[in-house]
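Below: one structure, written as C-alpha cells.
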Amino acid sequence: MRLLPQARDLVVKTSSTPENLTYAGVMTDVSSATGPATPLLREWATHAWKHGGALASAALDVVFPPSCLVCRTAVAAHGALCPACWRGIGFIEKPYCERLGTPFAYDLGVPGLQSPEAIANPPVYHRARAVARFEDGPVRDLVHRLKYGDRMELAKPLGRWMARAGAELLAEADLLVPVPLHRHRLMWRQFNQAHALAQVVAHLSGKTADPFALKRIKPTRPQVGLSRARRAENVQGAFAVPEAAAVAGRKIVLIDDVLTSGATLNAAARVLLRAGAARVDVLVFARVVGAA
Numbered sequence: 001m002r003l004l005p006q007a008r009d010l011v012v013k014t015s016s017t018p019e020n021l022t023y024a025g026v027m028t029d030v031s032s033a034t035g036p037a038t039p040l041l042r043e044w045a046t047h048a049w050k051h052g053g054a055l056a057s058a059a060l061d062v063v064f065p066p067s068c069l070v071c072r073t074a075v076a077a078h079g080a081l082c083p084a085c086w087r088g089i090g091f092i093e094k095p096y097c098e099r100l101g102t103p104f105a106y107d108l109g110v111p112g113l114q115s116p117e118a119i120a121n122p123p124v125y126h127r128a129r130a131v132a133r134f135e136d137g138p139v140r141d142l143v144h145r146l147k148y149g150d151r152m153e154l155a156k157p158l159g160r161w162m163a164r165a166g167a168e169l170l171a172e173a174d175l176l177v178p179v180p181l182h183r184h185r186l187m188w189r190q191f192n193q194a195h196a197l198a199q200v201v202a203h204l205s206g207k208t209a210d211p212f213a214l215k216r217i218k219p220t221r222p223q224v225g226l227s228r229a230r231r232a233e234n235v236q237g238a239f240a241v242p243e244a245a246a247v248a249g250r251k252i253v254l255i256d257d258v259l260t261s262g263a264t265l266n267a268a269a270r271v272l273l274r275a276g277a278a279r280v281d282v283l284v285f286a287r288v289v290g291a292a
C-alpha cells in the first residue's frame, strides 16, 4: 500500500512572487484577476505569500518535528541527517577513477587517472559518478527506504546530493534518462525510484528528464544474490529505445539509485548507444566499491 507524503509536502511554493500560490496542490493565479475586488485580492495574496508560508511551516514543524532521514533522531531541519548517521556515510570525493568513479586511497596527482579495473574491464558507459558507498549502513538504509519503504520524500535530499556529485556530467548533458522498470514490477511497486531521483536532478540542473526514452521490455529477476556473470545474462535484451530520434546525437546521463556490478547500466547504455546517443554517462546515489 502506498503511503501519503508527509503533510508538510502538501504546501508547495511554485514561484518567487505572490501571484502564483499553491496550497495543498491547488494553484491560485491572482495575476490575471479582474474586477473591483482585485486590489484587495492581490494585497491578500502578497500578505499570504510573505507570512502564510512561514506560519504554515512553523505549525507543521510542531506536528512533524524535523528528524534524521535515517534514524529519526531530532535534527535542526527537515531533510537532514544527525551527526552520527552523517559520520557513517562514506561520501565519494576526489581522488577517484575518472571512468568508474571509485575512490582512490590517496591522490597521485595525475588528472584523469583510471583504476586498473577500468583499464582491464572498461564499462560500456563513458563515466560514472556516485554520492556515497553502498556498503555503509546509513546509505543502504536510505536506498532501501526509498525503494521498498514508500519513503518518497527521500528522493529530494538524495537527488540534491546526486546533482552535486554529478555536476561535471550534468553540465555536459543533453538529456537525463532514468533506468526504467518493467511494467509488471512498476504495477507492483507503483513508482520508479530512478524516475523520482531524475526529476529532482533535472530540476536542480535545469536539464530535461525523459522517462520514455528507454523502455524495459523484458521482465528480469532481481539481481540481488546473482554472480557478476549471471547479472549480465539476466539483463541481456532487457531494454529498448522506442524512438531513436529522442536520443540520437545526444549526451545522456543515465539515472539510477544504485550501481553494483554495473550489468544493468551497461545493458541500458549499450542500447542507447546503438540507437545513436553520442555518449552515455551514469549518475547514481550509491555504488558498491568492493567486489559485487
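Residues in the sequence shown are numbered consecutively from 1, following the working numbering.
Heads up, the beta-carbon is just placed ideally off N, CA and C, and yes, glycines get one too.
- For Lys94, there is no enclosing beta strand (DSSP E), as DSSP marks it with neither H nor E.
- Unbroken alpha helix (DSSP H) runs of no fewer than 4 residues, entirely contained in the segment 193-223, are found at 193-205, following chain order.
- Annotation: Arg129 is outside any alpha helix (DSSP H); the continuous beta strand (DSSP E) that includes it extends over Ala128 to Arg133.
- Taking 8 Å as the cut-off, the Cβ atoms of Ala238 and Ile217 count as close.
- Counting only runs of at least 3 residues, the segment 235-270 fully encloses the following beta strand (DSSP E) elements, listed from N- to C-terminal order: 251-259.
- Per DSSP, Leu146 is one residue of the alpha helix (DSSP H) stretching across Gly137 to Tyr148.
- Bounds of the beta strand (DSSP E) holding Arg287 are Arg279 to Arg287.
- Residue environment analysis places Glu168 among the exposed positions, since fewer than 16 neighbouring C-beta atoms fall within 10 angstroms of its C-beta.
- In the DSSP assignment, Pro178 is bridged to Ile255.
- Around Arg151, the same chain offers Arg145 as residues with beta carbons nearer than 7 Å, after the five sequence neighbours per side are excluded.
- Beta bridge pairing from DSSP links Ser115 with no other residue.
- Cβ neighbours of Arg133 within its own chain (closer than 6 Å, five residues either side excluded): Gly90 and Val289.
- Taking C-alpha positions only, Val139 is separated from Met187 by approximately 26 Å.
- A distance below 8 Å separates the beta carbons of Val143 and Asp257.
- In this structure, the CA atom of Arg279 is about 14 Å from the CA atom of Ala213.
- CA-to-CA, the gap between Asn121 and Arg250 works out to about 25 Å.
- Counting other Cβ atoms within 10 Å of its Cβ, Thr208 stays below 16 and is therefore classed as exposed.
- Less than 8 Å separates the beta-carbon of Gly276 from that of Ala248.
- Closest option to Ala80, judged by alpha-carbon separation, among Asp141, Gly206, Tyr125 and Pro66: Pro66.
- Taking C-beta atoms under 8 Å as the contact rule, Val253 and Leu273 fail to qualify, at a distance of about 14 Å.
- In the DSSP assignment, Leu170 falls within the unbroken alpha helix (DSSP H) covering Ala167 to Glu172.
- The bridge partners DSSP lists for Ala84 come to none.
- Judged by DSSP in its simplified three-state form, Ala155 adopts helix.
- Pairwise C-beta distances place the segment 194-208 out of contact with the segment 264-272, as fewer than three of them are shorter than 8 Å.
- Ranked by Cα distance from Phe104, the first of Pro111, Pro95, Pro123 and Val110 is Pro95.
- DSSP links Pro103 through a beta bridge to Tyr96.
- Collapsing the DSSP output to three states places Ala74 in a strand.
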